[in-house]
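The structure appears right after this line, and notes come after that.
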Amino acid sequence: MSGAPHPGDGAAPERHLHPAGIAILAIRNAAQAWFAAVAAVAAAGPAAGIAIIVALLALIAGGAYVEWRVTRYAVVDGGIRYRRGVFARREVDVPASRISALDTSRGILQRLFGVVALQVQTPGGGSRAELVLHAVSLQEAERLRRELGHRGAERAPAATEQDPGESGEPSRTDVAPVFVAADRPPQEASEEVFRMGMRELLLAGATSPSGAFVGAGLAVFYGPISDLLGDRTKDSVETTAQSAVESSPVLAAVLVLAAVVLLSVASTVLAFARFRVTRDDRRLRVRRGLLTERTGTVQLDRIHALRIVETPLRQWLGFVAIEAEVAGWAQQSDSIKAIVPFVRRSELPTLLPALVPGYRLPEGALTRPPSRATRRYVWRALWFWGVLAAGLAFLPIGVWRVAPVAAALALGVGLGVWRAASAGWLVDGHLLELRSRWIARTTVLAQIDRLQQRASSTTPFQERAGLASLSVRLSSRREVDVRYLEASAVAELVGMLRPRAREARRPAG
């Protein structure tokens, strides 16, 4: 990479991206222009169409070179300056004090050319990076981290746990999750605190709620896909499927479920293969991905709450996911949102303090909603399931209409009772634990002194029953509430959550 001083700052050498950036830009632009190439061949004929395609590819390659040539960056006064644009010049200066993380990702093209994409993250950027250097070498990425005060947060893994692509040897993916004590000396380098093994990866895919979305997506896209198959192929597929259902409906259902699970497992492996979390005294870094390797970094002091999510199936099996609520990030990056996508619930007492100091599972039993609140949870759930049951009652299904109507009502009642049994709160020292359920059970662990808002609400009907709802707003601007608690308990809890009130009750000395 060549260096040149900025016109207004002779002490700031500017650099181009890695030369591989030319090829990466050209390939991406060519992939976006495929429709124009197909249209050219169709309109002008094969001979003229090929000539047009060659000219188009030459134009794309030339444009990629020009864009690479005019794109430059430099470290200036501890911050980073980035300039790009041929006709409309754009210059971005990001001060070092505003840089929260320098993350990297390696897609297929970056892997092919041995480079990475460096993403400069700021707290106000949300899920999008402030700027992206789409092709720099690994050494250059580490140099920028050092000069910007974000020294590499990972230590070389042990020889038995090396990543492919860095050592050329296969990864140890069959090991169990590893936890490292959180009370290591402050000067010690970053350490790996969690790693997903292959068994956990497969279980995560098989129990992922994304399987339902995969099935729905297949149903939605079957129509457009079947139109591409042709009438003869389409009729053959539908006839085969119909005969399979008629001959053995149970087997057909099992095969469809197996296909959905396999697709869910495949998507999980692609997204979370080689998943590991490392931590130093200031930052937590998450690394994941098979085809596209991504790293996400977040400062520990910006994590103001943790969410423990349990879908019904995972709750039954004893597994949870841990998500981070990061201050100022309303839309968090997927790279760091799920800091642990799949782990046994029994490991939480050891894992939580190792991930984020100051967090642990509170001791004691949750304060639950009173028994008279259960029917309100049921009525709230029946708003949806009751409407569904009413709609099913008008279907032309004869005497069998009773079954789906009864099933919908039973689901509504059961879900309402389940939500009431799952809800609760607990204050333990500086931590507030709130638990609720929609479908998945969610437990929020928040630092009381960092809550942005504490509020109680009640309706005339709730007030007559002596009930109220508690709502808190986290630093990520997400609101969490627990409904239909004792009104007196909510009033006392809101008082406990006020920092001044808590300080006043602390004993002197």
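Counting along the sequence shown from 1, when you hit position 217 you're at 217 in our numbering, and nothing is skipped either side. All residues carry an ideal CB built from backbone N, CA and C; glycine is no exception. All values derive from a computational prediction rather than experimental measurement.
(message) According to DSSP, G79 sits in a beta bridge with which residue or residues?
(response) Walking along the sequence shown from the start, residue 79 turns up at place 79. For G79, which the question treats as bridged, DSSP gives the partners V76.
(request) On a CA-only basis, which of I80, L102 and A101 is nearest V94? Give me that one, please. (result) Within the sequence shown, residue 94 is the residue found at index 94, counting from 1. The candidate whose alpha carbon is nearest that of V94 is I80.
(message) Can you list, in chain order, the residues of its chain with a C-beta nearer than 6 Å to that of A327? Leave out the 5 residues immediately preceding and following it.
(response) Position 327 of the sequence shown holds residue 327. Correct list, in chain order: R302, H304 and S475.
(request) Using beta-carbon positions only, say whether V115 and S100 come within less than 8 Å of one another. (result) As a first step, residue 115 is located in the sequence shown; it is residue number 115 there, counting from the start. As a first step, residue 100 is located in the sequence shown; it is residue number 100 there, counting from the start. Not a contact, by the Cβ cut-off of 8 Å.
(request) Check the C-beta distance from R195 over to F275 and give it rounded, since I have them as a contact under 8 Å. (result) By one-based count along the sequence shown, residue 195 stands at place 195. By one-based count along the sequence shown, residue 275 stands at place 275. Yes, R195 and F275 are in contact; Cβ-Cβ is about 7 Å, under 8 Å.
(request) Give me whichever residues DSSP pairs with G414 in a beta bridge. (result) As a first step, residue 414 must be located in the sequence shown, where it is residue number 414. Per DSSP, none; premise fails for G414.
(message) Measuring straight from C-alpha to C-alpha, what distance separates R28 and A266?
(response) Here residue 28 is taken as the residue at index 28 of the sequence shown, counted from 1. Here residue 266 is taken as the residue at index 266 of the sequence shown, counted from 1. About 25 Å.
(request) Would you please state the rounded distance, in angstroms, between the beta carbons of T510 and A117? I believe it to be under 8 Å. (result) Nothing can be reported for residue 510, as the shown portion of the chain is limited to 1 through 509.
(request) Please name the residue or residues paired with E527 in a DSSP beta bridge. (result) The structure shown has nothing for residue 527, since the chain only spans 1 to 509.
(message) the ligand MG and R477: does the residue's C-beta get closer than 7 Å to at least one heavy atom of that ligand?
(response) Although the ligand MG was asked about, the structure shown includes no ligands whatsoever.
(request) Examine the Cβ distances between the segment 305 to 314 and the segment 287 to 295 and report whether three or more of them are shorter than 8 Å. (result) no
(message) Assess contact between the segment 456 to 464 and the segment 413 to 432, defined as three or more Cβ pairs (one per stretch) separated by less than 8 Å. Is contact present?
(response) no
(request) Check the C-beta distance from T374 over to V417 and give it rounded, since I have them as a contact under 8 Å. (result) Along the sequence shown, read from residue 1 onward, the residue named residue 374 stands at position 374. Along the sequence shown, read from residue 1 onward, the residue named residue 417 stands at position 417. Yes, they are in contact, since the Cβ atoms of T374 and V417 sit about 6 Å apart, within 8 Å.
(request) Could you spell out the range, first to last residue, of the alpha helix (DSSP H) harbouring W68? (result) What you label residue 68 is simply residue 68 of the sequence shown in a count that begins at 1. Where W68 is concerned, the enclosing alpha helix (DSSP H) stretches over P46 to V70.
(message) Let's see if you can read the secondary structure: which residues bound the alpha helix (DSSP H) around A327?
(response) The residue you call residue 327 lines up with position 327 of the sequence shown. Looking at the DSSP string, A327 is not in any alpha helix (DSSP H), and its letter there is neither H nor E.
(request) State the DSSP-derived secondary structure class of S371, mapped to helix, strand or coil. (result) Taking the first residue of the sequence shown as 1, we reach residue 371 at position 371. It is helical.
(message) Per DSSP, what are the beta-bridge partners of L445 in this structure?
(response) Against the sequence shown, residue 445 aligns to sequence position 445. According to DSSP, which records beta bridges pairwise, L445 is partnered with L306 and E433.
(message) Using 8 Å as the threshold, is the C-beta distance between G21 and A141 below it?
(response) Indexing the sequence shown from 1 puts residue 21 at position 21. Indexing the sequence shown from 1 puts residue 141 at position 141. For G21 and A141, no; Cβs fall outside 8 Å.
(message) Whole angstroms are fine: how far does the CA of L415 sit from the CA of A381?
(response) For the purposes of this step, residue 381 is taken as residue 381 along the sequence shown, with counting starting at 1. For the purposes of this step, residue 415 is taken as residue 415 along the sequence shown, with counting starting at 1. Their backbone Cα atoms lie some 7 Å apart in a straight line.
(request) Kindly list the residues whose CB is nearer than 8 Å to the CB of R498, restricted to its own chain and excluding five residues on each side of it in sequence; keep chain order. (result) If you number the sequence shown from 1, residue 498 lands on position 498. These residues qualify, in order along the chain: R454.
(request) Identify, in the order they occur along the chain, each residue of the same chain with its Cβ nearer than 6 Å to the Cβ of Y484, setting aside the five sequence neighbours on each side. (result) Counted from its first residue, the sequence shown places residue 484 at position 484. Result list for Y484: P369, A373, R376 and L467, in chain order.
(request) Could you please give the first and the last residue of the uninterrupted alpha helix (DSSP H) stretch that includes G205? (result) The residue you call residue 205 lines up with position 205 of the sequence shown. Where G205 is concerned, the enclosing alpha helix (DSSP H) stretches over M198 to A206.
(message) Applying the 10 Å Cβ sphere with the 16-neighbour rule, what's the burial state of L470?
(response) Position 470 of the sequence shown holds residue 470. Result: buried.
(request) Would you kindly check if the distance between the Cβ of L203 and the Cβ of F342 is under 8 Å? (result) Residue mapping note: residue 342 aligns to position 342 of the sequence shown, counting from 1. Residue mapping note: residue 203 aligns to position 203 of the sequence shown, counting from 1. Result yes, Cβ atoms of F342 and L203 sit closer than 8 Å.
(request) Helix, strand or coil for T459, going by three-state DSSP, please let me know. (result) The count along the sequence shown starts at 1 and reaches residue 459 at position 459. Of the three classes helix, strand and coil, the one that applies to T459 here is coil, per DSSP.
(request) Within its chain, find whatever has a CB closer than 8 Å to the CB of R69; leave out the 5 residues flanking it on each side and keep chain order. (result) Locating residue 69 in the sequence shown gives position 69, counting from the first residue. Cβ within range, chain order: H16.
(request) Report the option in D449, I53 and E347 whose CA atom is closest to the CA atom of A574. (result) Residue 574 is absent from the structure shown; the chain starts at 1 and stops at 509.
(request) Tell whether a beta-carbon distance below 8 Å holds between T367 and G289. (result) Numbered from 1 along the sequence shown, position 367 holds the residue referred to as residue 367. Numbered from 1 along the sequence shown, position 289 holds the residue referred to as residue 289. Against a cut-off of 8 Å, the Cβ pair of G289 and T367 comes out as no contact.
(request) Name, in chain order, the residues that DSSP records as bridge partners for L118. (result) The residue you call residue 118 lines up with position 118 of the sequence shown. BP columns for L118 point to T104 and L133.
(message) With a threshold of 6 Å on Cβ separation, who are the neighbours of I448 within its own chain once the five nearest residues in sequence on each side are excluded?
(response) Along the sequence shown, read from residue 1 onward, the residue named residue 448 stands at position 448. Taken in chain order, the residues that qualify are H430, L432 and L497.
(request) State the Cα-Cα distance for the pair V92 and Y82, rounded to the nearest angstrom. (result) Counted from its first residue, the sequence shown places residue 92 at position 92. Counted from its first residue, the sequence shown places residue 82 at position 82. Going by the C-alpha atoms only, they are around 5 Å apart.
(message) Looking only at its chain, what residues have a beta carbon closer than 6 Å to the beta carbon of V482, apart from the 5 residues adjacent to it on each side?
(response) Residue 482 sits at position 482 when you count from the first residue of the sequence shown. Taken in chain order, the residues that qualify are A423, W425, L434, S436 and L470.
(message) According to DSSP, simplified to helix, strand and coil, what is G152?
(response) As a first step, residue 152 is located in the sequence shown; it is residue number 152 there, counting from the start. Any reading at G152 needs caution, since the residue's pLDDT is 48, under 50, leaving its predicted position unreliable; the model's value is listed next. Looking at G152 - three-state DSSP - the assignment turns out to be coil, as it is neither helix nor strand.
(message) Can you give me the C-alpha to C-alpha distance between L25 and A64, rounded to a whole angstrom?
(response) The residue labelled residue 25 in the question sits at position 25 within the sequence shown. The residue labelled residue 64 in the question sits at position 64 within the sequence shown. Answer to the nearest angstrom: the Cα atoms are 6 Å apart.
(message) Beta-carbon within less than 6 Å of R360's beta-carbon, same chain only, minus the 5 sequence neighbours each way: which residues are those?
(response) Residue 360 sits at position 360 when you count from the first residue of the sequence shown. Result list for R360: L352 and P353, in chain order.
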